[in-house]
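Visitor: Protein chains in written order, with the working numbering: chain A, 3 to 379; chain B, 3 to 379; chain C, 3 to 379; chain D, 3 to 379.
#1: Just reading off the beta strand (DSSP E) that residue 66 of chain C is part of, what are its end residues?
#2: Output the boundary residues of the alpha helix (DSSP H) element that contains residue 224 of chain C.
#3: With H, G and I counted as helix, E and B as strand and the rest as coil, what does DSSP make of residue 277 of chain C?
#4: Can you round the beta-carbon distance between residue 129 of chain A and residue 351 of chain A to whole angstroms, since I take them to be within the 8 Å contact cut?
#5: Roughly how many angstroms separate the alpha carbons of residue 249 of chain B and residue 246 of chain A, rounded to a whole number?
#6: How is residue 108 of chain B classed by DSSP in three states: helix, strand or coil?
#7: Flag this pair as yes or no: are the beta carbons of residue 236 of chain A and residue 238 of chain C separated by less than 8 Å?
#8: Go through its chain and collect everything with a Cβ distance to residue 368 of chain D's Cβ below 7 Å, but skip five positions before and after it.
#9: How is residue 133 of chain A classed by DSSP in three states: helix, strand or coil?
#10: Between which two residues does the alpha helix (DSSP H) holding residue 201 of chain D run?
#11: In angstroms with no decimal places, state the Cα-to-Cα distance between residue 13 of chain D and residue 98 of chain D.
#12: Is the region 105 to 124 of chain A in contact with the region 346 to 364 of chain A, if contact means three or more CB pairs nearer than 8 Å?
#13: Just mark residue 213 of chain B as buried or exposed, buried being the case when its beta carbon has 16 or more other beta carbons within 10 Å.
#14: May I ask you to verify whether the region 95 to 111 of chain A touches the region 122 to 140 of chain A, counting CB pairs closer than 8 Å and requiring at least 3?
#15: Is any beta-carbon of chain D found at less than 8 Å from that of residue 255 of chain B?
#16: Tell me which same chain residues have a C-beta within less than 6 Å of the C-beta of residue 176 of chain C, skipping the five on either side of it?
#17: Counting only Cβ pairs nearer than 9 Å, list the residues of chain B close to residue 289 of chain C.
#18: Run the CB neighbour count on residue 371 of chain B, radius 10 Å, all protein chains shown included, and call it buried at 16 or more, exposed below.
#19: Just the Cα atoms here: how many angstroms apart are residue 342 of chain D and residue 335 of chain D?
#20: For a cutoff of 8 Å on Cβ pairs, would you count residue 294 of chain C as touching chain B?
#21: Determine whether the Cβ of residue 270 of chain B lies closer than 8 Å to any Cβ atom of chain D.
#22: Taking 8 Å as the CB-CB cut-off, is residue 226 of chain C touching chain A?
#23: With distance defined between alpha-carbon atoms, name the residue in C:4, C:241 and C:148 nearest to residue 283 of chain C.
#24: Which whole-angstrom value is the C-beta distance of residue 119 of chain B and residue 353 of chain B, which I expect to be below 8 Å?
#25: Less than 8 Å between the CB atoms is what I'm expecting for residue 306 of chain B and residue 143 of chain B, so what's the real figure, rounded?
#26: Could you tell me which residues DSSP puts in a beta bridge with residue 28 of chain A?
#27: Does the distance from the CB of residue 317 of chain B to the CB of residue 261 of chain B come in under 8 Å?
#28: How would you label residue 57 of chain B, buried or exposed, when you count the other beta carbons within 10 angstroms and need 16 or more for buried?
#29: Just list the residues that DSSP pairs residue 2 of chain D with in beta bridges.
#30: I want to check one thing, is the minimum distance from the CB of residue 352 of chain D to the heavy atoms of the ligand MG below 7 Å?
#31: Helix or strand or just coil, what does DSSP make of residue 14 of chain C?
#32: Is there contact between the region 308 to 325 of chain C and the region 313 to 327 of chain D, where contact requires at least three CB pairs shorter than 8 Å?
#33: Mapping the DSSP letters down to three states, classify residue 38 of chain B as helix, strand or coil.
#34: For the region 307 to 324 of chain D, which residues have a beta carbon sitting closer than 7 Å to at least one beta carbon of chain B?
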């Protein structure tokens, strides 16, 4: 289509709006920004949206947009609301044929996730899981190097996500807008942010980079005094192809800030990346000095270079990473609109969303029992 | 105005387009993207602009836009073309009353710069110098801490900008689009990128953070074999209030990448910032452990917090820094449109543009003579 | 005693000789440097030792030295030979009343370790486990801050020891001198360097800093193709006082170099230290900028300052850390020689040596079974 | 000689004692540790020296030791006393034929330095300038890489030595032992620690690594209120072979700690080293990822590997660097005792000592005048 793609938004997620605006290929067309209709209208006004494209509920939005002529209605919907909204909003969108970008975790439990995936597959709509971290250009470089066997067979992966955002009690603290995160009935029964949020971020990053699958987990999920949700998850991993690993995520690490980091070790080499310095990838080959690969440099893989906006040097960050996901999604969507089908896209899909929930369930089950290993269903 | 501000663009500068799109408060309305009209049209088409708002020359754009009714024509113009275009384009815009955001260096020589500044002042239009680095939130934190006397009287500033982008001969290398940078007749007689480009970036950063003014310079500007422009500038600085410093910039540092960094030392404390890790500010008070201030943290100054988009943790980068400049510019412009005047804005103006050229001239003059110190005129 | 203390050495360990020589309070008096008597003599000659104080076996050394008059014979013995030598040499020394500094692991199995500990206690001789890492001044700072409750109750500890020293096959590679490390019959049945060596280093560091005790472990110890010993150990930890943690050690991390690192998180703050930059300790209190504590700075604890040799600034390293252990040992020994008893010394003892073996046994047992948690006996 | 070399010491310098003790090839034989004889005796007692080898003055020591038989008297003397003592002590030692290791700066002025150098040359005794930094193994690696033309022709060197040790007024502060450093009559007229101390350290490091010579300087040496000595020196450098550079040193950088760092840029590559992380050398070749060379790694040059004591990984520091100087000195001395002459030794000599004073004089002269460049005499 010779115009910007039109996005509808469920929830109020500035980082998604910034990421979609960045490249000038997507425009915000409509939104149901809040479960409070007057708040939704206020957000719409701040965004200079026409009032008739601002809705009080996602149901209203889906119905009204579907009724608009094809050249006017939204081309896809981004769902970035509290987790309990994901399932009904995504189901509604998919059933009406709207492509979806959905925040993680996909749903509040595995049953819903599988049901949603089944519908997505049957309908054939494009569906992306909004996993920002796989959008960083140097994460793509890491993935490309694994594919090219530059590390040899993978032996070991350590992925960690220390965070201190909730290290003081959210329940009594000022993050009002995020209160739902600590309410198990809204964020997902039996699972808290350290597991279903940043824990699945870590899982997806590990699988995206190594191209392996976690098969079994052995876990500990401590609950600290006064907390309702699991703050920490420490997980031993068995992956396919004989690889092993550790994954841990914690919201109780005072002073840490979204410290997502991954280290992958193969027989012939290792690599390390962390979100705090996202434009660097440390690569080591045996008996050689460690190398510092830098975003935008001409020696990078095609997939890494394609996802850089600024000529080598000036730093890029999280918004650009998410924008890379949207760029891939937009390309796939345009292709589909043009030719009707899409080859394997470079973003996570509803399948990874299901894997995330399966991981959460396996970890929770394992950590409550006495059996050493639990298989991801 | 209850709508997005409309930007016109002279030149083809994706980073400016991304920075302006980020916050959803500015939209690209028109452009003269190239001195080649067909290329300009092609860019406009890729950006989904209507063909009648894409122009073959900046002169055509200024004339045509000025002829549109106020509610339709562009609200301001961004000039991000080769340096020799800055002066005529900016003069034309200002004379027609269009506010301007202009890339650095302001003009190719000091005479033009002063002439432009005089016209800007007479006309009263808003004019911003596009100095991205002063837009980083932690640079604003540094400036705020100096204002609050947290370092005591400033003794010393060291600012450096090592870069390797041109460390191989651009004249014979593949950066075709930037060929004008190495042509003295287009980039400015007697001055090359290491001085008028990243050298003035360093000057502006030093003055922005310390709130001091460079008064005298003593400099060396080596010319390496086979080069047409000055690759390096090493400058001793005397600032007001008894402060001293060093500024150096180099395009010949193999392997460095826009390594802009500043260290400021006062009687009671020091601070350090570098572009490679822009979300950190290292602060040291005498006899205390060094502190690592982080972007987005609640303990920061108001000015630093106001310029952060992502909750503490995920990294922001150069695009966000430039977007901060545009956010300040847009706020000032809306205020001016509403109430007719603006209080001291938080961006560099045509005055700093003139200072940049004065610095370039003083450094070139000093480095060619035998006198120790040269005063900035 | 108004003279240097005299050390005897079993094995050929230059780093122990350097560490003891550093402070001028200990001198090498004699040694059984090799199981090959002619090699032992050669080492003795290079060290300018008189030939009659160089022995062919540790048994000969213990017997001969014990026969010398008190003012002449060695004051203590350092055992830094292959692990299978530790038990007989240490038993022999203790039985003759010689104080001992013994490399880790204490013995090849837990039974021997307990037997040795019983004899040490009965005899009352001073006995130090040569755990170098607890000798770093900033590790002592970390321990002091935990004691002063600066982090609040400890929630979580992550300790890791990635190493690539054996990432290529030692069995076929040129590290001849260390061949015994990969021979289970000499290094300890069922345990390899990644567990009994650097794994116990990590255990001791975690317990030394946190002042907690590991009570239960859940572990995975992969065996990679072609290897005889365990290269990796990944261990979930339950410590006393409700703390949790992760410990991992690996000799198969291509390109890593003794990357020992620890992070401790309490309710009110966190700290982090790594061996690669041993003079720094990162300390974070909630809602405050992270602090970089530096070795030798006046704001440090008494225990940290006491173990620094160079005025603040120039780096110290591993030799100085081990020298700190010897300095504490020498002080304790002089006190004991003077007044007959010693208060709690600042070095690890035979008890920690036993704990190390208990940890190894628990990890090996757990990793071979299907039960989730194994208690350290 | 089949024994340890015997060192005499003028002054009380623990770091020199530790560095010489480290390798077991040198022993402290005698000393004049203080200008206060009772303090000298006390130091000698703490070091377990026989009372008849502890002297009240260096003159007494030189005379008495010279009178001892060759097999008993000291083999060389280390001079590590206040700067005004260097000249008479070194002259006395050289005249009696004692080899010398002398702290920097060599003397308090250039005239003395030249006089001393003349006598050293005439006498033919071994003479080392105690420049610790050229002893770091990775500095030797840097020098080796320049020799092998790995960077191509050198264009640019930036060497800096920020330090905050004296950032509060030493004159009124507790560093009593170092009071002489701020007394111009003892530390050298017209020059303070930031120039003759760490400033010459920086000069020597730059010349040692690049194998170039500074030929001309242009400098600024600010004097801050209330200070007697120059705290800062900022110097533009012209070196031979068309290279340029910047050198700066400051004792007034609050919070910095012996932050010696060097960056060298050639046509084909760059390298960077800093004392804070002495075991790393960052090397960049054009269009290739930066490499992190690590101390002790098998891929290093012979000269770097020869000066490492600990197998790759555990950090080494400043004491080991100084020990490397002594190891080279001891090897040269043994060779000379054996065969009568020495080939080019790997340590700085009296010639570099003279260069240091020539640099100090040129910088002071230049900074007080209006002429741009001053040639080093």
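For glycine and all other residues, C-beta sits at the position ideal for the given N, C-alpha and C.
Guide: The structure says:
#1: Counted from its first residue, the third chain places residue 66 of chain C at position 64. That residue, residue 66 of chain C, is in no beta strand (DSSP E); its alpha helix (DSSP H) goes 60 to 69.
#2: For the purposes of this step, residue 224 of chain C is taken as the residue at position 222 of the third chain. Unbroken run through residue 224 of chain C: none, as it is neither H nor E.
#3: Reading the third chain from its first residue, position 275 is the one you call residue 277 of chain C. In the three-state reduction of the DSSP assignment, residue 277 of chain C falls in the coil class, being assigned neither a helical nor a strand state.
#4: The residue given as residue 129 of chain A occupies position 127 in the first chain. The residue given as residue 351 of chain A occupies position 349 in the first chain. About 6 Å separates the beta carbons of residue 129 of chain A and residue 351 of chain A, which is inside the 8 Å limit, making them a contact pair.
#5: For the purposes of this step, residue 249 of chain B is taken as the residue at position 247 of the second chain. For the purposes of this step, residue 246 of chain A is taken as the residue at position 244 of the first chain. Approximately 50 Å between the Cα atoms of the pair.
#6: Position 106 of the second chain, counting from 1, holds the residue named residue 108 of chain B. In the three-state DSSP reduction, residue 108 of chain B falls in the coil class, being neither helix nor strand.
#7: Taking the first chain and counting its residues from 1, one reaches residue 236 of chain A at position 234. Taking the third chain and counting its residues from 1, one reaches residue 238 of chain C at position 236. One thing to note: residue 236 of chain A has its Cβ within 8 Å of the Cβ of residue 238 of chain C.
#8: The residue given as residue 368 of chain D occupies position 366 in the fourth chain. Excluding five sequence positions before and after residue 368 of chain D, the CB atoms of its chain that fall closer than 7 Å to its own CB belong to 219, 220, 221 and 376, given in chain order.
#9: Here residue 133 of chain A corresponds to residue number 131 of the first chain, with the count starting at 1. Coil, per DSSP.
#10: Residue numbering aside, residue 201 of chain D sits at position 199 when the fourth chain is read from its first letter. Under the DSSP assignment, residue 201 of chain D falls in the alpha helix (DSSP H) whose first and last residues are 200 to 212.
#11: Within the fourth chain, the letter at position 11 stands for residue 13 of chain D. Within the fourth chain, the letter at position 96 stands for residue 98 of chain D. When rounded, the distance between both Cα atoms is 19 Å.
#12: Touching, yes.
#13: The residue you call residue 213 of chain B lines up with position 211 of the second chain. Residue 213 of chain B counts as exposed, since fewer than 16 other beta carbons sit within 10 angstroms of its beta carbon.
#14: Contact holds: three or more Cβ-Cβ distances are below 8 Å.
#15: Locating residue 255 of chain B in the second chain gives position 253, counting from the first residue. Taking a beta-carbon distance threshold of 8 Å, residue 255 of chain B counts as an interface residue toward chain D.
#16: Numbered from 1 along the third chain, position 174 holds the residue referred to as residue 176 of chain C. Confidence in residue 176 of chain C is poor, its pLDDT being 45 and thus under 50, which makes the residue's placement unreliable; the coordinate value appears in the next sentence. Excluding sequence neighbours, residue 176 of chain C sits near nothing in its chain.
#17: Here residue 289 of chain C is taken as the residue at index 287 of the third chain, counted from 1. Here the neighbours are 299, 300 and 301.
#18: Here residue 371 of chain B corresponds to residue number 369 of the second chain, with the count starting at 1. Classification of residue 371 of chain B: exposed, given that the 10 Å Cβ count is below 16.
#19: Within the fourth chain, residue 342 of chain D is the residue found at index 340, counting from 1. Within the fourth chain, residue 335 of chain D is the residue found at index 333, counting from 1. For residue 342 of chain D and residue 335 of chain D, the distance between alpha carbons rounds to 9 Å.
#20: Locating residue 294 of chain C in the third chain gives position 292, where the first residue counts as 1. Taking Cβ atoms only, chain B reaches closer than 8 Å to residue 294 of chain C, which makes this a yes.
#21: Position 268 of the second chain, counting from 1, holds the residue named residue 270 of chain B. Closer than 8 Å to some Cβ of chain D, the Cβ of residue 270 of chain B qualifies, so yes.
#22: By 1-based counting over the third chain, the position of residue 226 of chain C is 224. Using a CB distance cut-off of 8 Å, residue 226 of chain C counts as an interface residue toward chain A.
#23: One-based indexing of the third chain puts residue 283 of chain C at position 281. The candidate whose alpha carbon is nearest that of residue 283 of chain C is C:148.
#24: To locate residue 119 of chain B, count along the second chain from 1; it is residue 117. To locate residue 353 of chain B, count along the second chain from 1; it is residue 351. 7 Å between Cβ atoms; contact.
#25: Counting from 1 along the second chain, the entry for residue 306 of chain B is found at position 304. Counting from 1 along the second chain, the entry for residue 143 of chain B is found at position 141. The Cβ separation is near 4 Å, so the contact holds.
#26: Start at 1 with the first residue of the first chain, and residue 28 of chain A comes out as number 26. Its beta-bridge partners are A:7.
#27: In the second chain, residue 317 of chain B corresponds to position 315, counting from 1. In the second chain, residue 261 of chain B corresponds to position 259, counting from 1. Contact: no.
#28: Numbered from 1 along the second chain, position 55 holds the residue referred to as residue 57 of chain B. Counting Cβ neighbours within 10 Å, residue 57 of chain B comes out buried, since at least 16 surround it.
#29: Outside the displayed range of chain D (3 to 379) lies residue 2 of chain D, so it cannot be described from this structure.
#30: The ligand content of the structure shown is nil, which means the ligand MG is not present either.
#31: In the third chain, counting from the first residue as 1, residue 14 of chain C sits at position 12. DSSP places residue 14 of chain C in coil when its eight states are reduced to three.
#32: Pairwise C-beta distances place the region 308 to 325 of chain C in contact with the region 313 to 327 of chain D, as three or more of them are shorter than 8 Å.
#33: On the second chain, position 36 is the one that residue 38 of chain B refers to. Of the three classes helix, strand and coil, the one that applies to residue 38 of chain B here is coil, per DSSP.
#34: If the cut-off is 7 Å between Cβ atoms, the region 307 to 324 of chain D has nothing near chain B.
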